[in-house]
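Working notes for the structure below.
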Amino acid sequence: MGSRTERVHGTLTAWDDDRGFGFITPAQGTGKTFVHIKAFPAGHTRPQLGEALTFDIEQSADGKRRAARVHPAGKRMLSSSGRTPARRTSRAARYLPILFFVAGYLVVNTLWPIPVWVAGLYLAASIVCFSFYAVDKSAATAGRWRVSETTLLLWGVIGGWPGAIVAQQTLRHKTQKASFRSAFRGSVIVNLIVFLVFATPAFALFVEWTRRPLF
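Going from the sequence shown to my numbering is simple: count from 1 and add 1.
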């Protein structure tokens, strides 16, 4: 068990949201101090780059320095360009894609009735997808074998992307990796295209068009 040595001020200069750890650069002195998500108080918002913090420095059993009992020190420090980090989008706004989809689903169902099993598929896939995100989050924190991103994206394409959005926001997982975010948006678009093609007359009209003689 580490021993407490001192209380210092610093700035969060590196953070891996998926793995739940990063590094704090002390206001005085050199080097960076490792910090794990568990060192932050319960209920603390997800750590953000540029955030000013106060913390204790402990030395672990293997002799490495780590931050403990981390608390916000006030307003975030300015970035190198002299501007504060952009305000994060409100959490409620991040659920808008789900609300829009539900509204669109109801409209389509009113015009062209959709089989009940389709809604069941979206619900079941969302539950499975949320579970995979939870398992991956736990594995990332504990350093265990991760769920592949391909699996997460595949379940999103199948129809689990609403559950993925809920998992991303409630678990704060897979929200910062740009390549994954881009691939995830693509998986949602693919699913919506497939849904519109088969849930509306679009597919039937296309088939009818292909059967028409060219001349």
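Yeah, the Cβ is synthetic: ideal placement off N, Cα and C, and Gly gets one too.
Residue i: first and last residue of the uninterrupted alpha helix (DSSP H) it sits in
i	result
Gly121	117-143
Val109	97-112
Gly187	179-200
Reduced DSSP category for residue i - H, G, I as helix; E, B as strand; rest coil
i	result
Val71	strand
Pro163	helix
Phe24	strand
Arg173	coil
Trp16	strand
Arg8	strand
Leu54	strand
Val148	coil
Asp43	Inspection of the sequence shows that residue 43 is occupied by Ala rather than by Asp. In this structure, Ala43 counts as coil in the three-state DSSP scheme.
6 Å Cβ shell around residue i - same chain, five flanking residues per side excluded
i	result
Thr46	none
His37	Phe22
Arg8	Asp57
Ala168	Phe131, Tyr134
His174	Tyr134, Lys138
Rounded straight-line distance, which links the Cα of residue j to that of residue i
i	j	result
Asp19	Lys178	8 Å
Val191	Val158	7 Å
Arg95	Gln170	8 Å
Val198	Tyr134	28 Å
Ala165	Phe41	25 Å
Lys33	Phe181	27 Å
His10	Phe35	14 Å
Phe259	Pro48	With the chain covering 2 to 216 only, the question about residue 259 has no answer from this structure.
Arg186	Gly64	43 Å
N-terminal and C-terminal residue of the beta strand (DSSP E) that residue i is part of
i	result
Ala62	Here Ala62 belongs to no beta strand (DSSP E), and DSSP marks it neither H nor E.
Thr34	34-37
Same chain only: Cβ atoms within 8 Å of residue i, ignoring 5 sequence neighbours per side
i	result
Ala140	Trp146, Arg147, Val148
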